[in-house]
Amino acid sequence: MALVALPVLTPPRAKTSTLPTLKSSFLPSTIIAFPSLKTTTGGGKLCTPPSRIVVRSSAKIVRFPPLDRHAAKHSRLRFARKLKTLLLSKRRHFLPLRILSRCRPYLGLPPSRSLLSMVLRYPAIFRLIRSPASSLSVALTPAAEDLATRESLARSRLSSALAAKLHRLLMLAPRRSLLLSKLVHLAPDLGLPADFRSRLCNSHPERFRTADTSYGRALELVAWDPTLAVPFPSFRPPLSDDDDRRPIIDRPPRFKHLPLRRGLNLKRRHRDYLIRFRELPDVSPYAAYAVGEEEQRWRISAEEAEKKACAVVREVLGMTVEKRTLVDHLTHLRKDFRLPNRLRAMLVRHPELFYVSVKGVRDSVFLVEAYDDKGKLLVEDELLTEKERLMELVREGKRMRRERRKDVGYGNDHDNANEEEGEDEDEVDEVEDEDFGDLFEPGIGDDWEEISNWIDDDGGEDEVEEFWVKKAVSMGVVESSEGLEAW
């Protein structure tokens with residue numbers, strides 16, 4: 001009996017759908033292919049369920065010079081604002097130079113930059129005095145003291161509004177609580193005072209309370225306020241009759257329109273995705289998942305989750321004074337607000353809502369609808385006026401230095417040339433973000449050992465500071481103040 005080899009029969013493979021995917025932080029990076037299943041209807045006909053087509057769009061940042069200038073201006077004010085806050089935290093509003101040199105990590109100065117040379121760059125804000133102990137100290141000028149008094153009065157007048165702003169921020173968090181160590185990063189952009197943890201939080205016990213957690217002290221929400229759980233209306237006013245962006249003929253548009261800033265041209269695939277994203281139903285940023293129903297979070301689609309994340313970021317930016325903040329500040333609160341892991345990619349992917357400026361070391365994010373085409377804020381905050389006055393003092397200091405060089409003949413040596421070259425180097429030297437994290441900590445922070453090692457290893461920093469002290473004395477900018485006690 002002969003044996004016959006039978007062919008091996010294998011079941012046919014189901015055809016996989018090779019569909020483009022959407023580059024989203026909520027979707028996996030790999031392409032998951034599902035077989036095209038067929039079902040039968042009541043009439044016996046075969047029907048294929050509609051496949052879900054997701055488009056992958058690679059976004060690229062298109063520079064917007066007006067907002068880039070805003071980011072650069074904020075970077076130039078960074079050292080002056082930090083030093084002013086540090087001096088105001090002391091009772092007499094002055095600090096000896098030897099103690100101030102230990103605060104370099106907070107001020108964001110590298111070891112190669114002289115602290116005294118940076119102080120001398122702002123003669124309209126800071127002044128050098130000699131205390132009775134004959135130690136050189138840094139204090140605020142009368143104009144800067146007056147500016148600080150106005151800021152304090154403005155924040156006292158707006159105490160209820162600042163508390164409501166902090167209340168809304170806690171309502172955005174699903175757990176209704178935020179760590180104070182994370183809030184300090186966003187506090188300056190929100191307009192909160194440096195002592196908001198001790199005064200503002202304790203002055204409104206009906207709104208929030210502080211509690212100890214395993215991760216540190218946290219600010220918890222006491223009661224939900226439905227009147228505050230309303231998203232910000234559009235900051236952009238409606239189009240007027242003389243607006244050139246208004247259509248000439250008042251009729252329904254033939255094609256779907258996506259409002260973008262001037263000069264921003266997107267690829268067709270990216271534009272179509274943003275149009276479909278805009279047509280999704282609005283999601284309230286204050287809508288939370290029910291307690292005990294965490295699995296509901298995974299039932300929503302990726303588009304709905306990204307819609308919610310964009311609404312939360314828009315609400316946070318709407319609370320800030322300048323409608324801008326650093327991307328890193330949002331990253332600190334990413335888990336608290338349930339934002340995607342690739343938060344910066346999501347911000348870049350939605351240029352109709354946000355603009356990410358790469359000016360400086362730390363990227364800034366702006367709320368696009370709060371600015372016009374020339375980069376001017378459409379709705380100005382009351383605290384923004386004080387920031388503009390600080391910028392005026394910086395410009396006044398530059399004029400004072402220019403006049404001083406003309407009168408004294410200071411400016412023909414090599415050191416003055418180096419000083420002029422470092423006029424706009426604040427962006428390069430930006431090391432720490434502007435927060436109140438280690439402002440009131442005991443000692444001088446965790447980075448002091450590293451700074452002290454730099455000083456010991458180099459050995460030339462004392463000579464540099466001594467050079468600038470002699471230069472300041474020769475220029476006549478050191479004042480004597482016998483009324484001040486030794487610090």
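Each residue of the sequence shown is one higher than the one before, counting from 1 in UniProt numbering.
Glycine included, C-beta positions come from ideal geometry on N, C-alpha and C.
For Pro-351, the secondary structure class from DSSP, reduced to helix, strand or coil, is coil.
Looking from the CA of Ala-80, the closest CA among Phe-208, Arg-324 and Ala-144 belongs to Ala-144. If you look at Leu-95, you'll find it in the beta strand (DSSP E) that goes 94-96. Taking Ala-229 as reference, the option from Thr-213, Arg-176 and Val-365 with the minimal CA-CA separation is Arg-176.
By the CB criterion at 7 Å, Leu-378 and Ile-125 fall outside the cutoff.
If the five residues before and after Arg-324 are omitted, its C-beta is found closer than 6 Å to the C-beta atoms of Ser-364 and Phe-366, all from its own chain and listed in chain order.
The alpha-carbon separation between Asp-212 and Arg-334 amounts to approximately 21 Å. The segment 96-170 is shown to contain whole beta strand (DSSP E) runs of 3 or more residues at 126-130 and 136-140, in chain order. Separation of Phe-354 and Glu-403 (C-alpha to C-alpha, rounded to the nearest whole angstrom) is 42 Å. For Arg-389, the closest of Leu-77, Pro-65 and Val-62 by C-alpha to C-alpha distance is Leu-77.
Between Leu-83 and Ser-101, the C-beta spacing is not below 7 Å.
DSSP places Asp-373 outside both helix and strand once states are collapsed to three, so it counts as coil. Between Leu-264 and Val-62, the CB-CB gap stays under 7 Å.
At least 7 Å separates the beta-carbon of Leu-317 from that of Arg-362. Approximately 6 Å separates the beta-carbon atoms of Phe-208 and Leu-221; this is inside 8 Å, confirming the contact. For Glu-380, the secondary structure class from DSSP, reduced to helix, strand or coil, is coil. With contacts defined by Cβ atoms closer than 7 Å, Ile-275 and Leu-260 do not form a contacting pair. With respect to His-93, Leu-140 sits close: the two C-beta atoms are nearer than 7 Å. The Cβ neighbour count for Asp-373, taken over all protein chains shown within 10 Å, is under 16; the residue is labelled exposed. For Leu-183, the closest C-alpha among the options Asp-407, Phe-337, Met-391 and Arg-344 is that of Phe-337. Here the C-alpha atom of Glu-279 lies approximately 11 Å from the C-alpha atom of Glu-303. With a cutoff of 7 Å on beta-carbon distance, Lys-359 and Asp-68 are scored as near each other. Less than 7 Å divides the Cβ of Glu-315 from the Cβ of Pro-285. The count of Cβ pairs closer than 8 Å, one atom from the segment 187-207 and one from the segment 156-167, reaches three, so the stretches are in contact.
The straight-line gap separating the alpha-carbon atoms of Glu-396 and Pro-142 is approximately 14 Å. For Phe-366, the uninterrupted beta strand (DSSP E) run begins and ends at 364-367, by DSSP. In this structure Phe-64 is buried. Its beta-carbon is surrounded by 16 or more other beta-carbon atoms within 10 angstroms. In the DSSP annotation of this structure, the continuous segment of the beta strand (DSSP E) that includes Gly-216 starts and ends at 216-221. Taking 7 Å as the cut-off, the Cβ atoms of Thr-320 and Leu-190 count as close. Annotation: the continuous beta strand (DSSP E) that includes Ser-177 extends over 177-179.
Annotation: the continuous beta strand (DSSP E) that includes Ala-211 extends over 208-213. In the three-state scheme derived from DSSP, where H, G and I count as helix and E and B as strand, Ser-198 is classed as helix. Measuring C-alpha to C-alpha distances from Ser-89 to each of Met-171, Asp-195 and Arg-121 identifies Asp-195 as the nearest.
Between Phe-235 and His-350, the alpha-carbon positions lie close to 17 Å from each other.
In the DSSP assignment, Leu-317 falls within the unbroken alpha helix (DSSP H) covering 302-319.
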